[in-house]
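Undergrad: Dropping the structure in here first, questions after.
Chains as they are written, first to last, in our numbering: chain A, 206 to 749; chain B, 206 to 749.
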C-alpha cells in the first residue's frame, strides 16, 4: 500500500484556495500511485486561526467546502484532511480540532485531537474541546492505522522524566497492533525543533511497535513559520526519509518496504544559518503576500541589521519589489551612506536619499523653544528616529508598500529601539534574531562574493543619533548580551550573572515598547511577540 | 461565627506590599470580631500574572513571603489567602492556582482551583494544573465550609442549557452538608458582569442549599479592571449585602444571622455611566501608579474624546499632575482652540499651545519633493497626526510623564486612527468605549455644571486633518457604527445588516493597526487588546 505525505501551504480562512490545493496534491499523489494521501493539521481551514474561531459562520463555510471537497476528490484514493469540526453538544468548547477521512463522495470517519497546546503562541483551549485519541483507529484495505493530531504525541516525558501533561493519552489507551501511525501537524519552526519532533515520533513508534509518518504544514501565518520537513520512521523509530524544508513537497512511500517512491530524495541536511535564511524568506514572503501586498521598503543605515533585512527582502521578492532609502541627519557619517549605496548597488536597487536634516532642525527649533530645552538629549535622538518612521510610513501611504522593521532580538530585549521610530513597520523581520545570528546571516549572504560590503560587518554598531555614538556605550558587549537574551527570553532560565540580572530589570521596564511592536517572525523556541505575554505594571524584577 | 470579606487591591509580584495589605486587613477584621477573613484569588501574588509565571524564582519568592505571612498573622483568626502553589510532581503544568488556610504560625490546608479559564484575557491553561474542587471541604469550629476559586463556579448552564465546560465539577462531586460556600475571585469588570456573577453564585448556593460568600479582587492590572463588589447570598441565592465598587472594602457578617456587622452598608446601586467613570478612573490610576509614574499629559483637540480623557485624568490624579496641549495646524478652526482653552480653564490647567504648522510645512516641503507628490492626500493627514504623536512623546522624554491615548472603540474598530500618530501613548483610556459611551461620560461630568463646554458635545466630530473634514464623511453615523461594533466585537455576533458587513471587512483590514495599539482599558465583555487575538494575514472577511 502506497501512502503520500502532502506537505502543503494553506492560506488562513481561504477555504477555496485550500480546497484546490488539496485537490491538486491528491491528483499528484494519485499519479504517483498513492492509495492514501495525508495532509497537515487543519489544512483546510489554515492554522493558526487565533480568534477567527469566534466566527461560527467561518467554520460553517469551511464545513460546506469540506462537503464539496469530498465530492470532488478522485476515485480510488483515500484522503486525510485537517479541519475544524463543530461540537454539536451544548457542553464544552465550540469545536474539535479534527481530521476527516474522505473517499470520493463521503466522509468515512472523523478523528479528534485530545491534547490541546496552550504554551507560547498556542491557544487551543480557547475554542477547542478535547477529543479522545483512543477512538482514532481506522482500517483501509486490511491495514490498520492510528491517527494522532499534532500535540497528541507530545506528552512523552523528557530525559528528566518531566512532561507538561499530567497524563499521556497514548500510554493510557489500549494498545492495538497497527500497521502505521499517522500524525498530522502544524508545528512551528525553530532551531532544534526537528530533534524534538524526531524524539516524540520515535517514542510513539516504539511504543506501538509500528512505523509512523509525520506530516507537517509548511508556510507562514503572521509571526509563525511552519517548516514542513515531514518524515517517516520505522517501527524502531529510525528516520527513513524526510520531505523538503520551507517549501511544499509530496512524497510517496510503500508501507511494505517503507521505501520512498520518489526519484528526488529531498534536500540534504542544511546548516542552521541556511535554515534561518529559508525560514525568514518564507515568513516574509507569506506575510506580505497573504495580506495581499507585493512591495516592501526600508531605510538602509549602513549598519548590519538593515543590510541583512534588505538582503532577505530581495531574496523574497526580487529587487524590483524592494525600495531602499537613506535618511541622513548631521550625525550620520559619510561612510555609512557610502556603505549603504554600495550594498544597494550590489542588490541592483536605487538608493533614494532624503536628507531629514531640515525637518530635524525645524522640529528642534519649535520644540526646544516650546519645552525650554537647552541641551541635546534623548528627546532629540528619538525625534530623528521618529522622523524616519514618519517618512517611511508616508511612502507606505503613497505606494501601498510595506515598511519592514529592522530591529533584532537583543535590541528589543533592552528597549534599544525607538517606539514609533525605528520600531515602525508592518513586520519585524529579524526581531527574533540575536546580533550574532544577524552577523551569521550576513556572512551567509557573502558566501560566494562580497554582496554586503565587509566594512558593514566589521564596523562597531551605532545608531548614529548623536556624535560618535556606539551601541556599546549603552549596552553590554553583544556576545554577552546575546547569551543573556537567549538564556532569559528563549530558554526562560533564571538570571545568574551580572549581565542577566541587569537584563531582567531592563526587560521588565521596556515591556511597554514591545507591547506595541509589529509582528515578529518567530525563529526561536520563545520569541517576543504574541507567544510571550508579559504584563507591564508589576514589581517582578526586584525579586529574582 | 463572624466572617470578613477582605476586598483588597494587590500589586502584581509586589509580595511584600501584598503581605502588608493582608496583615492590615486581617488586623482590621479582627478588630471587627471576625474569626475568619477571606481574601480574593491570588491576592498574595497579584493577578493577572500572564507569563510572569515563566519565572519559577518569583513563585519561590512568593512562597517564602507566604511562610512569613503565616508567622505574622495575629492569633485567634483564620485567614484564607490566594497564591500560586508549585506542582511538585514532574507531570503537568508547573503550578496550581491555590488558596491557603492560615492560622498563626501554620498552614492548615491548601485548596486548588479546578476550572481554568482560557477565554478573552485569561490564559490559565498555560501554567496552571487542574486541582479538584471535591477536595476543598474544610472545618473550623464545627462549621463546615466548601472553598471554590473563581472559575470553579462558572460551569452552570445558561438559560439555553449551554456551558463552555463539558462537565460541571460541582455537579459531579458528592454533596455534603455545608454551612457556607466560599468563592475567592479575581473577576474583571464589565457592564452586566454583576448579574452573571449573581447567577452563578446563586446557582451554587441553591445546589448546596447553603449561603455563599463571593470575595472579589479590586484594582487594575494593565488592561483589566477588577471592581470588587463582593457579596453574600443566603441558601436560596438571595443577595444579603454587597461591598463597595472600585475601592477596597472590608465587611464582616455573622454566619448565624447572615447580617452585615458593619455600620456602613456600602454604596447604593449606581447607574452604568457612573460605574464606567469609576472603572476608568481606577484603571487609569492603577496603571500609571503601578508602573511607577505619577504624571500624565495629552493633546486637547476641542473634540469630545480628548475632553473626556482630560476629565478622567484630572479625576484620577488632580489637575496638578495633568498637562494639556493644543497642537494646531492650518486645519484646526479657532473654535476648536477656544473650546479646548475653556475646558482646560474649567479643569484648572494651563493649556500650552504649540503650533506644529511650521513643522508640518517643512515636512511637506521635503517629502512632497522627495516623493514627487503634487496634491494633498492621506499621507498629509497622517503626517499631522504623527507630528503630534512625536511632540507628545518628546514631552514624555523630558518629564517622565505618560502620554494618554484618546481613541474610542468605534474609531479603533474602523481603523479611523493614525498608527504612530494619535495612537501613540502609554494607555488607551477610552479605547473600549463606543462613541455613545464617550458622550454619556461627558454628560455625567456636566451633571452639576458645564465642566465640558456644551459645544464640544454638540458639534459634529472631526479629525481636522484637512479642510472641513467630518468623521461622517468617512464613517457610518456613530449610532449605527456603535451598534455594529457592539454586536461584532463585544457580542461576537455574525454580521447581518449592511453596516455590519462593511465593518467586518474593515475590522479585518485594520487589524495591523490594533496589533500595535497601547494597552486598552477593558470595560466591556470583549474589548480590543490582549483578550482579542486576531490574525493579520488571512481571507476571512470574504466568507461571512
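No residue lacks a Cβ here, since even glycine has one placed at the ideal position from N, Cα and C. This one's a predicted model, so the numbers in the text were calculated from it and none came from an experiment.
#1: Roughly how many angstroms lie between the CA atoms of residue 314 (chain B) and residue 649 (chain B), to the nearest whole one?
#2: When you compare the CB positions of residue 426 (chain A) and residue 253 (chain A), do they come within less than 8 Å of one another, or not?
#3: Would you mind giving the Cβ-Cβ distance between residue 632 (chain A) and residue 614 (chain A), rounded to the nearest angstrom? I have them listed as a contact below 8 Å.
#4: Using a Cβ-Cβ cutoff of less than 6 Å, which residues in the same chain neighbour residue 749 (chain B) once the five nearest sequence positions on both sides are dropped?
#5: Which ranges would you report for the alpha helix (DSSP H) in the region 669-734 of chain B if only whole runs of at least 4 residues count?
#6: Which residue's Cα is closest to the Cα of residue 267 (chain A): A:511, A:642, A:223?
#7: So which residues on chain B does residue 578 (chain A) lean against when the C-beta distance must stay under 9 Å?
#8: Would you report the Cα separation of residue 430 (chain B) and residue 735 (chain A), rounded to the nearest angstrom?
#9: Indicate whether at least one CB of chain B lies closer than 8 Å to the CB of residue 750 (chain A).
#10: Do the region 239-248 of chain B and the region 405-422 of chain B make contact, defined as three or more Cβ pairs closer than 8 Å?
#11: Alpha carbon to alpha carbon, how far is residue 344 (chain B) from residue 355 (chain B)?
#12: With 16 as the cutoff for other CB atoms within 10 Å, does residue 624 (chain A) come out buried or exposed?
#13: Give the DSSP-derived three-state secondary structure of residue 617 (chain A) in the structure shown.
#14: Report the option in A:642, A:616, A:721, A:726 whose CA atom is closest to the CA atom of residue 681 (chain A).
#15: Establish whether the CB of residue 513 (chain B) and some CB of chain A are separated by less than 8 Å.
#16: Between the C-alpha atoms of residue 372 (chain B) and residue 379 (chain B), what's the straight-line distance to the nearest angstrom?
#17: Anything in the region 624-640 of chain B with a Cβ closer than 8 Å to a Cβ of chain A? List those residues in chain order, please.
#18: Going along the chain, which residues of its own chain have a beta-carbon closer than 6 Å to the beta-carbon of residue 289 (chain A), five neighbours each way excluded?
#19: Along chain A, which residues have their Cβ under 9 Å away from the Cβ of residue 759 (chain B)?
#20: So if DSSP puts residue 305 (chain A) in a beta bridge, which residue, or which two residues, is it bridged to?
#21: Kindly list the residues whose CB is nearer than 8 Å to the CB of residue 283 (chain A), restricted to its own chain and excluding five residues on each side of it in sequence; keep chain order.
#22: Closer than 8 Å, Cβ to Cβ, to anything on chain B: give me those residues from the region 709-733 of chain A, in chain order.
#23: For the candidate residues B:515, B:458, B:713, B:571, whose alpha-carbon lies nearest to that of residue 209 (chain B)?
#24: Between residue 530 (chain B) and the rest of its own chain, which residues show a CB-CB distance below 8 Å, the 5 nearest in sequence each way excluded?
#25: My output table needs one value for residue 393 (chain A): the three-state DSSP class, helix, strand or coil.
#26: So residue 584 (chain A) contacts chain B; which residues on that side make the cut at Cβ distance below 8 Å?
#27: Suppose you measure from the CA of residue 228 (chain A) to the CA of residue 719 (chain B); what does that come to, to the nearest Å?
#28: Where does residue 594 (chain B) fall in DSSP's three states?
#29: Report back the beta-carbon spacing between residue 554 (chain A) and residue 533 (chain A) to the nearest angstrom; my notes put them in contact at under 8 Å.
#30: Could you pull out every residue in the same chain whose Cβ sits closer than 6 Å to the Cβ of residue 424 (chain B), ignoring the five residues on either side in sequence?
#31: Under a CB-based cut-off of 8 Å, is residue 227 (chain A) close to chain B?
#32: Out of A:647, A:678, A:716, which one is the CA nearest neighbour of residue 663 (chain A)?
#33: Use the C-beta contact count for residue 732 (chain A): other C-beta atoms within 10 angstroms, 16 or more gives buried, fewer gives exposed.
#34: Note down the Cα distance separating residue 498 (chain A) from residue 608 (chain A), rounded to an integer number of angstroms.
#35: Under 8 Å between C-beta atoms, does residue 492 (chain B) make it to chain A?
#36: Measuring only between beta-carbons, confirm whether residue 571 (chain B) sits less than 8 Å from chain A.
TA: To lay it out plainly:
#1: 48 Å
#2: yes
#3: About 14 Å separates the two Cβ atoms, so there is no contact after all.
#4: No answer about residue 749 (chain B) holds up, because its pLDDT of 46 lies below 50 and its placement is not dependable.
#5: 676-679, 683-690, 703-714, 716-720
#6: A:223
#7: 599, 603
#8: 22 Å
#9: Lying before the first or after the last residue shown, residue 750 (chain A) is absent from chain A, which here runs from 206 to 749.
#10: yes
#11: 20 Å
#12: buried
#13: If DSSP states are grouped into helix, strand and coil, residue 617 (chain A) belongs with the helices.
#14: A:616
#15: no
#16: Looking at the two C-alpha atoms, the distance is approximately 14 Å.
#17: Correct list: 624, 625, 629, 631.
#18: Taken in chain order, the residues that qualify are 250, 264, 300.
#19: Coverage of chain B is limited to positions 206 through 749, which leaves residue 759 (chain B) absent and any answer about it impossible.
#20: A:286, A:315
#21: Result list for residue 283 (chain A): 240, 241, 242, 306, 307, 308, 313, 345, in chain order.
#22: Residues of the region 709-733 of chain A with a C-beta atom less than 8 Å from some C-beta of chain B are 717, 720, 721, 722, 723, 724, listed in chain order.
#23: The shortest C-alpha separation from residue 209 (chain B) is found at B:458.
#24: 502, 503, 504, 505, 556, 557, 558, 559, 596, 597, 600
#25: strand
#26: 599, 602, 603
#27: Using only the alpha carbons, I get a separation of about 36 Å.
#28: When secondary structure is reduced to three states using DSSP, residue 594 (chain B) falls in the helix class.
#29: At roughly 18 Å, the Cβ-Cβ gap does not stay under 8 Å, so residue 554 (chain A) and residue 533 (chain A) are not in contact.
#30: Around residue 424 (chain B): 214, 431, 491.
#31: The beta-carbon of residue 227 (chain A) is placed no less than 8 Å from the nearest beta-carbon of chain B.
#32: The residue with the shortest Cα to Cα distance from residue 663 (chain A) is A:647.
#33: buried
#34: 11 Å
#35: yes
#36: Yes, residue 571 (chain B) counts as interfacial toward chain A.
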